[in-house]
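Just so we're aligned, residue 12 is where the sequence shown starts under the numbering used here, counting upward by one.
First the structure, in the form of structure tokens, and then the observations on it.
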Amino acid sequence: MKTKIDTFLADYPKNKQESLIPILQGIQDIEGYLPEEAFVKVGEHLNIPTSKIFGVATFYNQFRLEPNGRYHIQVCRGTACHVLGSATVLEHLEKELKIKAGQTTRDRMFSIEVVACIGACGLAPVISINGNFHAKVNPDSIKDILENYRNQEG
Numbered sequence: 012m013k014t015k016i017d018t019f020l021a022d023y024p025k026n027k028q029e030s031l032i033p034i035l036q037g038i039q040d041i042e043g044y045l046p047e048e049a050f051v052k053v054g055e056h057l058n059i060p061t062s063k064i065f066g067v068a069t070f071y072n073q074f075r076l077e078p079n080g081r082y083h084i085q086v087c088r089g090t091a092c093h094v095l096g097s098a099t100v101l102e103h104l105e106k107e108l109k110i111k112a113g114q115t116t117r118d119r120m121f122s123i124e125v126v127a128c129i130g131a132c133g134l135a136p137v138i139s140i141n142g143n144f145h146a147k148v149n150p151d152s153i154k155d156i157l158e159n160y161r162n163q164e165g
């Protein structure tokens with residue numbers, strides 16, 4: 012049975028190793044991350060060892076090896092947010108959720124991503140959860156913000 016990945020790969024010529032990054036980007040667009048199955052299928056299609064593909068995927072921070080959580084938290088680390096304490100906000104998020112940036116909680120409810128700039132400097136420090144902005148976030152407000160999302164789950 013053909014998977015979405017197989018169908019996607021059919022649009023790329025076999026054994027063209029220079030297609031690796033666009034292929035990985037396309038698979039991530041389809042799946043939301045790069046599943047293990049992708050490394051094997053891409054390796055077979057391009058005749059590249061899966062270890063090399065994994066090396067490329069882990070070298071570039073644009074690639075995710077885990078699916079995002081139901082609530083994907085983006086922590087802005089731009090200049091204004093940095094100056095106003097986004098590093099501390101990130102530390103408290105990681106502590107509260109018991110994950111690091113780039114990871115997803117075991118229940119797949121939350122994931123954290125660090126972004127260079129969200130473009131909302133006047134709200135600094137700011138986080139975005141599924142596109143909803145939370146302004147002037149501080150360590151004390153993190154528990155309340157997360158609790159509101161947990162309560163939405165019932």
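C-beta: ideal position from N, C-alpha, C; glycine also.
The model shown is predicted, which means the values in this text are computed figures rather than measured ones.
- Contact annotation, H83 with N159: C-beta distance approximately 15 Å; criterion of less than 8 Å not satisfied.
- For the pair I41 and L76, the Cα-to-Cα distance works out to about 13 Å.
- Around the beta carbon of A49, 16 or more other beta carbons sit within 10 angstroms, so the residue counts as buried.
- Scanning its chain for C-beta atoms nearer than 6 Å, with the 5 sequence neighbours on each side dropped, one finds around S30 the residues Y23, in chain order.
- Around the beta carbon of A135, a 10 Å sphere encloses 16 or more other beta carbons of the protein chains shown; the residue is thus reported as buried.
- One Cα belongs to F70, the other to K154, and the distance between them is close to 33 Å.
- Straight-line measurement puts the Cα of C92 at about 30 Å from the Cα of L45.
- I123 is positioned such that its CB atom lies no closer than 7 Å to that of S139.
- Of the residues K13, G66, K52 and A98, the one whose Cα lies closest to the Cα of V137 is A98.
- With fewer than 16 other Cβ atoms inside 10 Å of its own Cβ, T18 counts as exposed.
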